[in-house]
Structures are given as C-alpha cells and as structure tokens.
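Quick note, the sequences are listed as chains B and W, same order.
Sequential numbering from 1 applies to the first sequence in the numbering used here.
Sequential numbering from 1 applies to the second sequence in the numbering used here.
Here's the structure, in structure tokens; my notes come after.
Protein chains: 2
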Amino acid sequence: MNARKIPDIIIGRLPVYLRALQRMSDLGLKTTSSQELGEQVGISAAQIRKDVSQFGEFGKQGTGYSIEYLIEKLREILKVNRIWDVVVVGAGDMGHALANYQAFHNRGFRVVAIFDNDKSKVGAPIGKFSVEDAENLAERIRELGVKIVMLTVPASAAQSVADLAIQAGVKAILNYAPVSLNVPGNVKVQYIDPSAHLQRMTYYL
Amino acid sequence: MNARKIPDIIIGRLPVYLRALQRMSDLGLKTTSSQELGEQVGISAAQIRKDVSQFGEFGKQGTGYSIEYLIEKLREILKVNRIWDVVVVGAGDMGHALANYQAFHNRGFRVVAIFDNDKSKVGAPIGKFSVEDAENLAERIRELGVKIVMLTVPASAAQSVADLAIQAGVKAILNYAPVSLNVPGNVKVQYIDPSAHLQRMTYYL
DNA sequence: TAGATTGTTAATCGATTAACAATC
DNA sequence: TAGATTGTTAATCGATTAACAATC
Numbered sequence: 001m002n003a004r005k006i007p008d009i010i011i012g013r014l015p016v017y018l019r020a021l022q023r024m025s026d027l028g029l030k031t032t033s034s035q036e037l038g039e040q041v042g043i044s045a046a047q048i049r050k051d052v053s054q055f056g057e058f059g060k061q062g063t064g065y066s067i068e069y070l071i072e073k074l075r076e077i078l079k080v081n082r083i084w085d086v087v088v089v090g091a092g093d094m095g096h097a098l099a100n101y102q103a104f105h106n107r108g109f110r111v112v113a114i115f116d117n118d119k120s121k122v123g124a125p126i127g128k129f130s131v132e133d134a135e136n137l138a139e140r141i142r143e144l145g146v147k148i149v150m151l152t153v154p155a156s157a158a159q160s161v162a163d164l165a166i167q168a169g170v171k172a173i174l175n176y177a178p179v180s181l182n183v184p185g186n187v188k189v190q191y192i193d194p195s196a197h198l199q200r201m202t203y204y205l
Numbered sequence: 001m002n003a004r005k006i007p008d009i010i011i012g013r014l015p016v017y018l019r020a021l022q023r024m025s026d027l028g029l030k031t032t033s034s035q036e037l038g039e040q041v042g043i044s045a046a047q048i049r050k051d052v053s054q055f056g057e058f059g060k061q062g063t064g065y066s067i068e069y070l071i072e073k074l075r076e077i078l079k080v081n082r083i084w085d086v087v088v089v090g091a092g093d094m095g096h097a098l099a100n101y102q103a104f105h106n107r108g109f110r111v112v113a114i115f116d117n118d119k120s121k122v123g124a125p126i127g128k129f130s131v132e133d134a135e136n137l138a139e140r141i142r143e144l145g146v147k148i149v150m151l152t153v154p155a156s157a158a159q160s161v162a163d164l165a166i167q168a169g170v171k172a173i174l175n176y177a178p179v180s181l182n183v184p185g186n187v188k189v190q191y192i193d194p195s196a197h198l199q200r201m202t203y204y205l
C-alpha cells in the first residue's frame, strides 16, 4: 500500500468494486479483468485499473485479477477485514430495519445496540436487541468502544445526538436524518436521505 | 431556466440546498446568502452561486437570496413542485420502513403500493397498505402510471425486478439491494447500500 | 452613499481517458 | 510464441476556486 493521499472519490468506488467482486466470488468465478469488472459496475476499465493501482500491483498482465486476492486487498484497504461494532440511535421503523439488517454480516459490521429517547420504547424488544435509553448513549458508546453510529432520529435531534456521540468518541456517522451535520474534520459523515436521492432523479424525468 | 446540459454533480447538490433552505424556512428565516447556506451544507459560497446561477438569476446583490423564492425555483428545477407516486418492491423490514416513511411528505413523493413475491406476505397489512403480489407488479406499474420504484429485494432478485419495472415504464430506481444494476441510458438509478456507505468511512478510521 | 453580495470570468486544480510499453 | 491485460504516463476533460465588476 501507498502512503500518498488518496482522493476520497476513489475511496468511494472501492466498496462498489468489493461488492461486485464478492458477487463474482459467490458465483464461483476465480479471475476477472478491469474490463469485465468495469462492465459490472458501470465504470471504465482504465479507471478501475488506475484506482486499484493506487494501493499496489494486484493484477497480472495477460490474465487480470484474482478475485479472491483482490477482495482480500480491498478489505484490508477499507479496514473491513475485521468487524466494526455499530450502534443505532432512533428506534423508529428505519432504526428497526437497520438493527435487523442481515446484509451487514460479511461486510464488516455488526449492530450492538439501539437507543431511543422515548421512554415508552425503552426496553422494547427489536430483533435480538432491547431498546436502550438514549440518556445512556454517551456512556454506552464509551463502554462499548464504538466508533460508528447510524442516526435515524428526527432532523431536529440529529445535530445534538451527533455532538454527543462525537464527544463520546464516535468517528463515523451514517446519517439518515434529512439534515446536514456540522462535525469536526476528523469525523466522517455519510448521508442517506431517500427523498434527496429521489429528487436527484426526478430532474431527469 | 437554461437549456445547456447541466452536470449531474450539480444536480446532486440541489436537493441538499433545498433541504437546508426548507429547514431555514421552517425556522422562520426569510433570506440567506451563498455564504450562510454554504456554511450550513459544507460547500463553498462560490460553488453555491455557480450552481444556482446555472438555472437563472435568483439572488439580489447586497441582500442574497429569498429563501421562499429559491425553494420554489429549486422545486421547479428538480420537478418536485408536484407529487410523484412511488412503489416499493420487497416487503421486508426496509420495505416496511419506506412504506411508512413520513419524510416523503412535502418533498415530492408518495408511496402508493408495496409488493412482495412471498405469497405468505401477500395481503398482509403494512401501515395503510396491503402487500400486493409481485406477480402483478408490471401490470400495476402501468395501471398506476408509476415512474419511480424503490427496490428492497434481495441482491439476487434486484436485476430481474428492475428489468420488469423498466419494461413497464419505470424511469428511476432507488436501489437498496447491494448490487449494481445494468439499465438503459434513459433510466436513472441511485444506490443506497448502508454497508457500502460505512465502508467508505472505515478507510479513514 | 457605503456596505454587502450576486453572477460570471479566468485561473487553478483535480479527475478521467487514451494509449502503450511491459509482461504474464 | 501470440494474445491478453496490467500499470502508468501524458493528454484531455471537467469541476472548483478566486477575484471582481455590477448592482441592490
């Protein structure tokens, strides 16, 4: 691997490559080419070669990439060759869905707790979890050593919950609340706002 | 509005601006500046001015932008100054959450039906809906004139459901299945893959 | 008027693509 | 060997930023 600063836009494509490679692996394939992978994910072969070559020489001229090996390398690069504990804040329908989400398995994540500030929800079972009191969020984040939270609270609460979580040591937030968050430079945020995603497509309709 | 081809990356920022403006409006604010809006959403003032000026002259020197007016214009541009009917395919936890999702209201969307191919789920109530048989998906899409679907089916089923929906006239897909879709050039896809979003952040941890 | 802020131009910066030597 | 495909360079293309005249 290489210590040069890698553009974030490249980092953003790696999970897409990884997802496609894991799919190929599930289908029993052993090798692929930048051409083939590019067709799968809708990205040019040149770009795929350029992207992965930022981190090393993982392919072989003439034959392409070993799927198994490239998966291993991408998992190392993305640091998902381990399991990250994640907490969910907000026990509404979306929090519920995330707490039970099966597709985190094998992709590097595990939900370990779900919180809500509604006392009437605290203690309620959600899948294998019991909803915890959001009052204890910071304490529990520290206790569990969690670095990643998923926010499914109302927009009005998102910033204050984010502040609290960051204070407790969180470094990455997957924000489902439809609001932009202000966070320190060393904290990452990704946004999932279904309405915004849809609005990005209606322009073309 | 202007007929020049607008880069997709600009289109992608407009929903973010709109979301922030609607928030300001809810707070009772009347005007804002590119500077202020930029701080809200974490984008430079110059870029915001450049982006919105692609579509017209919506601001006033010295005073900035009328929040109300800019909201109206952005809604026109994004074509969300109307309500789009949307169907959900896949009645698992995620489909359930989307069918009940309150935040579509006032942002241009309305869920009108939810489908599953599991006969044991067909007819089950989900919020105000009753799960419909995925066998009738194409027919119902045509009947309802739906142009947008949200896919929450397993990765293995996503491509074939997408093909079917496109065949029935769908032009935009919000894909929650963790797989890249191959679609014709006139069909838009947006991806929501929580694991991929998280993997994009673990790189930095 | 003085101060503020837009819309736009030109300059800079960064990302993508095309091409090809190297080599499996 | 001949064919295929990588990794990388240089060229192209596109996006962002800085600066400022226009003007509210």
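Yeah, the Cβ is synthetic: ideal placement off N, Cα and C, and Gly gets one too.
Model, not experiment: these values are computed from the prediction.
Cβ distance (whole Å) where Ile-148(W) is taken to contact Val-86(W) below 8 Å: Contact between Ile-148(W) and Val-86(W) holds: CB atoms are separated by about 5 Å, below the 8 Å threshold.
Residue range of the unbroken alpha helix (DSSP H) whose run includes Ser-156(W): Counting along the chain, the alpha helix (DSSP H) containing Ser-156(W) begins and ends at 155-167.
Residue range of the unbroken alpha helix (DSSP H) whose run includes Gly-12(W): From DSSP, the alpha helix (DSSP H) with Gly-12(W) extends over 8-26.
For Arg-142(W), the nearest candidate out of Gly-59(W), Leu-164(W), Leu-37(W), Gln-22(W) (CA to CA): For the residues Gly-59(W), Leu-164(W), Leu-37(W), Gln-22(W), the minimum Cα distance to Arg-142(W) belongs to Leu-164(W).
Three-way DSSP call (helix, strand, coil) for Ala-3(B) in this model: Residue confidence for Ala-3(B) is low, a pLDDT of 46 falling below 50, so the modelled location carries little weight; the figure read from the coordinates is stated next. Of the three classes helix, strand and coil, the one that applies to Ala-3(B) here is coil, per DSSP.
CA-to-CA distance, Gly-28(W) to Ala-3(B), given in whole angstroms: With a pLDDT of only 46 at Ala-3(B), under 50, the local geometry of the prediction cannot be trusted, and no value is derived from it.
Per DSSP, cross-strand counterpart(s) of Asn-175(W): Per DSSP, the beta-bridge partners of Asn-175(W) are Leu-151(W), Tyr-191(W).
First and last residue of the uninterrupted beta strand (DSSP E) at Val-41(B): Per DSSP, Val-41(B) belongs to no beta strand (DSSP E); it is in the alpha helix (DSSP H), 34-41.
Expected contact under 8 Å - CB spacing of Arg-140(W) and Gly-108(W) to nearest Å: Wrong, their Cβ atoms sit about 21 Å apart, outside the cutoff.
Distance between Gly-62(W) and Asn-175(W) (C-alpha atoms, nearest Å): The straight-line gap from Cα to Cα measures roughly 43 Å.
Between the CA atoms of Arg-110(W) and Met-1(W) - distance to the nearest angstrom: Per-residue confidence for Met-1(W) stands at a pLDDT of 39, beneath the threshold of 50, marking its modelled position as unreliable; the derived number appears in the next sentence. Our two residues, Met-1(W) and Arg-110(W), have alpha carbons roughly 27 Å apart in a direct line.
First through last residue of the alpha helix (DSSP H) which encompasses Asp-93(B): For Asp-93(B), the enclosing alpha helix (DSSP H) covers residues 93-99.
Cβ-based contacts, 8 Å cut-off: residues of the segment 76-90 of chain B near chain W: Within the segment 76-90 of chain B, contact with chain W at the beta-carbon level (separation under 8 Å) is assigned to Ile-77, Leu-78, Lys-79, Val-80, Trp-84, Val-86.
Ala-113(B): first and last residue of the uninterrupted beta strand (DSSP E) it sits in: Here the beta strand (DSSP E) through Ala-113(B) covers 109-116.
Straight-line gap, Leu-144(W) to Ile-166(W) (C-alpha atoms, nearest Å): When the Cα atoms are used, Leu-144(W) and Ile-166(W) turn out to be separated by approximately 14 Å.
Under the three-state DSSP convention, the category Ser-66(W) falls into: Three-state DSSP puts Ser-66(W) in a strand.
Alpha-carbon to alpha-carbon, Ser-66(W) and Leu-78(B): Each residue's Cα considered, the two are about 43 Å apart.
The segment 12-27 of chain B touching the segment 47-63 of chain B, judged by at least three CB pairs closer than 8 Å: The segment 12-27 of chain B, when compared against the segment 47-63 of chain B, does touch it at the 8 Å Cβ threshold.
Option nearest Glu-72(B) by Cα separation, candidates Ser-34(B), Asn-106(B), Gly-42(B), Asp-93(B): Of all alpha-carbon atoms in Ser-34(B), Asn-106(B), Gly-42(B), Asp-93(B), the one lying nearest the alpha-carbon of Glu-72(B) is that of Asn-106(B).
C-beta neighbour in chain B for Gly-42(W), strict 8 Å: Taking 8 Å as the threshold, the shortest C-beta distance from Gly-42(W) to chain B falls below it.
Closest by C-alpha distance to Ala-158(W), when choosing among Gly-169(W), Gly-38(W), Ile-173(W): When only C-alpha atoms are compared, the closest one is Ile-173(W).
Test: Ala-113(W) CB closer than 8 Å to a CB of chain B: No, its Cβ sits nowhere closer than 8 Å to a Cβ of chain B.
Identity of the residues DSSP links to Ser-130(B) by a beta bridge: According to DSSP, which records beta bridges pairwise, Ser-130(B) is partnered with Pro-125(B).
Min CB distance Ile-209(B) to chain W below 8 Å: As displayed, chain B neither begins before 1 nor continues past 205, which places residue 209(B) out of reach and without an answer.
Sub-8 Å separation of Gly-123(W) and Val-112(W) beta-carbons: It is not a contact, given that the beta carbons lie outside the stated cut-off.
Pick from Ala-162(B), Thr-202(B), Tyr-101(B) that is closest to Pro-184(B), judged by C-alpha positions: Of Ala-162(B), Thr-202(B), Tyr-101(B), the residue nearest in Cα terms is Ala-162(B).
C-alpha gap between Ile-9(B) and Lys-119(W), whole angstroms: Their backbone Cα atoms lie some 42 Å apart in a straight line.
Whole-number beta carbon distance between Ser-180(W) and Gln-40(B), since they are thought to touch under 8 Å: Confirmed, about 6 Å.
N-terminal and C-terminal residue of the beta strand (DSSP E) that Val-170(B) is part of: Segment: none, Val-170(B) is in no beta strand (DSSP E) and carries neither H nor E.
Proximity test, Cβ basis, 8 Å: Asn-136(B) and chain W: Between Asn-136(B) and chain W, the shortest Cβ-Cβ separation is not below 8 Å.
The segment 105-133 of chain B: positions lying closer than 7 Å to chain W by Cβ: Cβ contacts with chain W: Arg-107, Gly-108, Phe-109.
For Val-88(B), the residue or residues it bridges with in DSSP: Looking at the DSSP assignment, Val-88(B) forms a beta bridge with Ile-114(B), Met-150(B).
Residue environment, Gln-22(B), which counts as buried when at least 16 other CB atoms sit within 10 Å: Result: buried.
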